[in-house]
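J.: Residue numbers (the numbering used here): 146 to 236. We treat Cβ as the ideally placed atom computed from N, Cα and C, and that holds for glycine.
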């Protein structure tokens, strides 16, 4: 599916990190989809298809390889946002 920017909503971190540490334990809460920004198509528009501000989300590098492929990373199937999915189906 072209014309979709995939974003992830992460669980809030509950661990205190020391300087230089990386939080590798951040977990994906939900995978969302957003329309691309009309001026910069590689970037998401201001809100996802379900209405969440994209500024609070992380960009996911996944891109569907071709027609019929899911808009979300297959490994995150159970975490896909159902509202985003419903909005995409109605397009």
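Report yes if the C-beta distance between residue 174 and residue 154 is below 7 Å; otherwise report no.
T.: Yes. Within cutoff.
J.: Taking the alpha-carbon of residue 176 as reference, which of 222, 208, 213, 232 has the nearest alpha-carbon?
T.: Nearest option by C-alpha distance: 222.
J.: Helix, strand or coil: how does DSSP classify residue 179 here?
T.: Residue 179: strand per DSSP, three-state reduction.
J.: For residue 192, which residues in the same chain have their Cβ closer than 8 Å to its Cβ, ignoring the five residues on either side in sequence?
T.: Correct list, in chain order: 179, 198, 199.
J.: Specify, as a first and last residue, the run of the alpha helix (DSSP H) that residue 155 falls within.
T.: Not the alpha helix (DSSP H): residue 155 falls in the beta strand (DSSP E), residues 150–155.
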